[in-house]
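With UniProt numbering, letter number 275 in the sequence shown gets 275, and the count goes up by one each step, no holes. We put the beta carbon where it would ideally sit given N, CA and C, even for glycine. All values reported here derive from a predicted model rather than from experimental measurement. Structure first, then comments.
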Amino acid sequence: MSENNVDIMNESTNHHYDMKWKEIHIPMRDGSYLAANLYQPDAKGKFPVLMTMGPYGKDEHFASHPIAAELYKRQVQDKSPHMSGGTPDPDFWVPQGYVVIRIDERGTGNTPGILDVWSDTLKYDYYDAIEWAGTQSFGSGKVGLLGCSYFAITQWMVAEKQPPHLSCLVMWEGMPDLYADALRMGGIVQSGFLSLWYNKRVLVKQFGKGKLSEDELKNNRTDFEKLVRENVVRNEYWKKKSSDLSRVTVPFLSAGNWFCSGAISRGNINGFKYAASKNKWLEMHIGSHFAEFYTEESRTMQKQFLDYWLKGIDTGVMRQPKIKLAMPKGGKEYNWIYANEYPLKNTKWTKCYLEANSLELLEDQPLKESKRIYEGDKDKESAAWQGPKNFIMNEDNPKRMIFKTKPLNHKIMLAGPMKLRLYASSTIDDMDIYVSLRNIAPDGKEVVNVGAYTTNYPISQGWLRASLRGIDEIRSTEYKPYYTYDKIEKLVPNKIYPIDIEIADSAIMLEKGHTLLLEIGSQEQSGCGMFLHPDDKIWDADVTVYTGGQYKSYLLLPLIL
Numbered sequence: 001m002s003e004n005n006v007d008i009m010n011e012s013t014n015h016h017y018d019m020k021w022k023e024i025h026i027p028m029r030d031g032s033y034l035a036a037n038l039y040q041p042d043a044k045g046k047f048p049v050l051m052t053m054g055p056y057g058k059d060e061h062f063a064s065h066p067i068a069a070e071l072y073k074r075q076v077q078d079k080s081p082h083m084s085g086g087t088p089d090p091d092f093w094v095p096q097g098y099v100v101i102r103i104d105e106r107g108t109g110n111t112p113g114i115l116d117v118w119s120d121t122l123k124y125d126y127y128d129a130i131e132w133a134g135t136q137s138f139g140s141g142k143v144g145l146l147g148c149s150y151f152a153i154t155q156w157m158v159a160e161k162q163p164p165h166l167s168c169l170v171m172w173e174g175m176p177d178l179y180a181d182a183l184r185m186g187g188i189v190q191s192g193f194l195s196l197w198y199n200k201r202v203l204v205k206q207f208g209k210g211k212l213s214e215d216e217l218k219n220n221r222t223d224f225e226k227l228v229r230e231n232v233v234r235n236e237y238w239k240k241k242s243s244d245l246s247r248v249t250v251p252f253l254s255a256g257n258w259f260c261s262g263a264i265s266r267g268n269i270n271g272f273k274y275a276a277s278k279n280k281w282l283e284m285h286i287g288s289h290f291a292e293f294y295t296e297e298s299r300t301m302q303k304q305f306l307d308y309w310l311k312g313i314d315t316g317v318m319r320q321p322k323i324k325l326a327m328p329k330g331g332k333e334y335n336w337i338y339a340n341e342y343p344l345k346n347t348k349w350t351k352c353y354l355e356a357n358s359l360e361l362l363e364d365q366p367l368k369e370s371k372r373i374y375e376g377d378k379d380k381e382s383a384a385w386q387g388p389k390n391f392i393m394n395e396d397n398p399k400r401m402i403f404k405t406k407p408l409n410h411k412i413m414l415a416g417p418m419k420l421r422l423y424a425s426s427t428i429d430d431m432d433i434y435v436s437l438r439n440i441a442p443d444g445k446e447v448v449n450v451g452a453y454t455t456n457y458p459i460s461q462g463w464l465r466a467s468l469r470g471i472d473e474i475r476s477t478e479y480k481p482y483y484t485y486d487k488i489e490k491l492v493p494n495k496i497y498p499i500d501i502e503i504a505d506s507a508i509m510l511e512k513g514h515t516l517l518l519e520i521g522s523q524e525q526s527g528c529g530m531f532l533h534p535d536d537k538i539w540d541a542d543v544t545v546y547t548g549g550q551y552k553s554y555l556l557l558p559l560i561l
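Printed below as a string of structure tokens:
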């Protein structure tokens, strides 16, 4: 850790503690236990607790992370012997006067039991762990949760149970709704991510791995991948694996990433919007998934928040704006903007109308009706493992349509939710619609962004299975459809339907002379990274898009004045 980091982070405490640590067992209500590492100041006193619980193995160092090890080596600023990806680094936080507890959830690492990720059992286990920590002699009675990714998702989940000693949350790039925000976003299984994550990150850390037979291991876990695929609509299975935001009442900081429509941006924003907490803040940044969690700037913000809610130090957090948003310029460049409401008060909701003949995005609705067809992926070339590839301006690709604005005559800024209203028909009883919004420079090349999982992320993306298009009329707004996902409504072949496709919230600054491009198609598109759907597709639907006249197909954008 650099001297500069130490000085900045110690401003509010003026203490620096040595650390000691040990493995402990935390008792559960059913007589079982959770294995945990307890990192604490080697000093007398009572200290607030920072806690995480997850399935990746409490002893796994970030440098041995099977997916993100290279990211750690290249991008994480501070290297320390106890850093584990997505959890607070005890070598940073303990010297600042915090106890850090890192727990192996049930059925993983050194904790025996049935492995069932994001379950009701996890919620109650986490509750018991928080209450145990809140009553220990080393603790001040205040417990905060701080973590990234999985370690943020579980914060939303346990917070609904309202453990009395839980004082605050810092949820970094993690969502409260496992169905709508991640694994079945748009009603389509994100099987590319699901298989990679579950097999490479979770099953390798199952309790007994290397000691028990494969049959014994299978008997000690639920078949998570199978259950995700079988539970097509949002039912009780999914409700138990998500958070009831009306019961999330503790103070929290929700920090999301603009450039990860496949899992993060939607969840952090919706959690902020719908949670019942009176004291809540939203921050939206850009950059790599784990690296941003550990930057000096991010830690400064985390510590300012935690010092106030866990130590009672007036750090100024209550006088800060509730909203802090990065305004990206492309690549890694951005400015910060601040506000107290979201969407921003100075938003001008702007419609760009689709014109199917010219493939233009227009300021005014075309008077003349027109239509255009894009084909289904009948040859099953499977996406489009196009996700990791760079965008290619091939306007003759029959599996997609590309609509463009004229070159901008002045610089514009977009920030907030977006929506595509599309009048469309399918040759069969369903269809998948994939959408990307792109920033094209005068030379015809896409200006891409550094996202959570890819360096070629567009402005934003969205996708929807038409049979799950039903919306909650009360929660839906002009600018964002809120899908219920509670019933399957098949299409009548060749009948025209108005369909609202949610495009994930994002922000971008587009320079004069640049072009805004809308891509619509039957498969994943460049920039989606690992968020692919290789084995859950509507392959055979040829889709007709209708524009002009009575068919007001449009892209709704949040133009910032």
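(request) Starting from the Cα of G45, find the closest Cα among Y98, S84, Y56 and give me that residue. (result) Among Y98, S84, Y56, the Cα nearest to that of G45 is on Y98.
(request) Could you pull out every residue in the same chain whose Cβ sits closer than 8 Å to the Cβ of K280, ignoring the five residues on either side in sequence? (result) Closer than 8 Å at Cβ, skipping near neighbours: P251, F252, L253, S254, F272, K322.
(request) Reducing DSSP to helix, strand and coil, say where A255 ends up. (result) Here A255 carries a strand assignment [DSSP, helix/strand/coil].
(request) Starting from the C-beta of D18, find all residues in its chain whose C-beta is less than 6 Å away, skip the five residues before and the five after it, and write them out in chain order. (result) So the list reads D42, once near-sequence residues are dropped.
(message) I'd like the ranges of any beta strand (DSSP E) spanning at least 3 consecutive residues and lying wholly in the stretch 484–553.
(response) Listed in chain order, the complete beta strand (DSSP E) runs (minimum 3 residues) inside the stretch 484–553 are 497–510, 515–521, 543–547.
(message) Give me the residue from D542, L344, N456 with the minimum Cα distance to K495.
(response) Nearest to K495 by C-alpha distance, out of D542, L344, N456, is D542.
(message) Using 8 Å as the threshold, is the C-beta distance between I471 and I508 below it?
(response) Cβ atoms of I471 and I508: not closer than 8 Å.
(message) As a quick exercise: from S80, L203, K58, pick the residue whose alpha carbon is nearest that of Y294.
(response) Cα-wise, what sits closest to Y294 is S80.
(request) Would you check if the stretch 462–479 and the stretch 214–224 touch, i.e. whether three or more CB-CB distances between them fall below 8 Å? (result) No: the two stretches stay apart, fewer than three of their Cβ pairs being nearer than 8 Å.
(message) With the cut-off set at 8 Å, would you say V545 and R372 are in Cβ contact?
(response) Contact flag set, yes.
(request) Just the C-alpha distance for T300 and A504, rounded to the nearest angstrom, thanks. (result) Rounded to the nearest angstrom, the two C-alpha atoms are 28 Å apart.
(message) Residues in the same chain with beta-carbon distance under 6 Å from E355, minus the five sequence neighbours each way, listed in chain order, please.
(response) Cβ neighbours of E355 beyond the five flanking positions: L362, P366, T547.
(request) Output the distance between the C-alpha atoms of F151 and M53, rounded to the nearest integer angstrom. (result) Their backbone Cα atoms lie some 7 Å apart in a straight line.
(request) Return yes when the Cβ of V143 is within less than 8 Å of the Cβ of M28, no when it is not. (result) One thing to note: M28 has its Cβ no nearer than 8 Å to the Cβ of V143.
(request) Take every Cβ of the stretch 197–207, pair it with every Cβ of the stretch 101–108, and state whether three or more of those distances are shorter than 8 Å. (result) Yes: at least three Cβ pairs fall under 8 Å.
(request) Mind the definition here: the stretch 132–149 touches the stretch 274–292 only if three or more C-beta pairs lie below 8 Å; say whether that holds. (result) The answer is yes - the stretch 274–292 touches the stretch 132–149, with three or more Cβ pairs under 8 Å.
(message) Contact between the stretch 232–250 and the stretch 439–457 is defined here as three or more beta-carbon pairs at a separation below 8 Å; is this criterion met?
(response) Fewer than three pairs of CB atoms, one per stretch, sit closer than 8 Å, so the stretch 232–250 makes no contact with the stretch 439–457.
(request) Express the C-alpha separation of F305 and V167 in angstroms, rounding to a whole number. (result) According to the sequence displayed, residue 167 carries Ser and not Val. Roughly 11 Å separates the two Cα atoms.
(message) With three or more C-beta pairs closer than 8 Å as the rule, is the stretch 328–339 touching the stretch 125–139?
(response) Cβ pair count under 8 Å is below three, so no.
(request) Could you tell me the distance, in whole angstroms, from the CA atom of K311 to the CA atom of D116? (result) In a straight line, the C-alpha of K311 is about 34 Å away from that of D116.
(request) Just tell me which of A452, Y485, I440 has its CA closest to the CA of E511. (result) Residue I440 is the option with its Cα nearest to E511.
(message) With the cut-off set at 8 Å, would you say L414 and I188 are in Cβ contact?
(response) No; because the gap between Cβ atoms is not below 8 Å, this pair is not in contact.
(message) Output needed for M9: all residues of its chain with C-beta closer than 8 Å, excluding positions within five of it in sequence on either side, in chain order.
(response) For M9, the predicted model reports a pLDDT of 34, less than 50, meaning its position is unreliable; a value from the coordinates is still stated below. Only F92, Q96, R299, T300, K303 meet the Cβ criterion.
(message) As a quick exercise: from M185, V100, G376, R234, pick the residue whose alpha carbon is nearest that of I501.
(response) Ranking M185, V100, G376, R234 by Cα distance to I501 puts M185 first.
(request) Please list, in chain order, all residues of the same chain as T13 whose beta carbon is under 8 Å from its beta carbon, the five residues on each side excluded. (result) Reliability fails at T13, whose pLDDT of 49 lies under 50, so the model's placement of it is uncertain and no value is given.
(request) Can you give me the start and stop residues for the alpha helix (DSSP H) that S265 sits inside? (result) Where S265 is concerned, the enclosing alpha helix (DSSP H) starts and stops at 265–274.
(request) Just the C-alpha distance for W349 and E283, rounded to the nearest angstrom, thanks. (result) Cα to Cα, W349 sits roughly 22 Å from E283.
(request) Note down, in chain order, each residue of its chain lying with its Cβ closer than 7 Å to the Cβ of N357, except the 5 sequence neighbours on either side. (result) In chain order, S370 place their CB closer than 7 Å to the CB of N357, counting only its own chain and leaving out the 5 sequence neighbours on each side.
(message) Give me the DSSP bridge partner(s) of T121.
(response) DSSP lists no partner for T121.
(message) Taking a contact to mean a Cβ-Cβ separation below 8 Å, would you say S84 touches H61 in this structure?
(response) Judged by their CB atoms, S84 and H61 are nearer to each other than the 8 Å cut-off.
(request) Please confirm whether G139 and F259 have their CB atoms less than 8 Å apart. (result) Using a Cβ distance threshold of 8 Å, G139 and F259 do not count as a contacting pair.
(message) Judging by CA-CA distance, which residue of L38, P48, F47 is the nearest neighbour of D59?
(response) It is L38 whose Cα lies nearest to the Cα of D59.
(request) With distances taken Cα to Cα, identify the nearest neighbour of T455 among Y374, C528, H514, K20. (result) Nearest of Y374, C528, H514, K20 to T455, Cα basis: C528.
(request) Between the Cα of R465 and those of D396, Y434, G256, spot the shortest distance and give me the residue it belongs to. (result) Of the candidates D396, Y434, G256, Y434 places its Cα closest to the Cα of R465.
(request) Please state whether DSSP places T52 in a helix, a strand or coil. (result) Collapsing the DSSP output to three states places T52 in a strand.
(request) Given a cut-off of 8 Å, decide if T515 and K351 are closer than it, judged by their beta-carbon atoms. (result) For K351 and T515, no; Cβs fall outside 8 Å.
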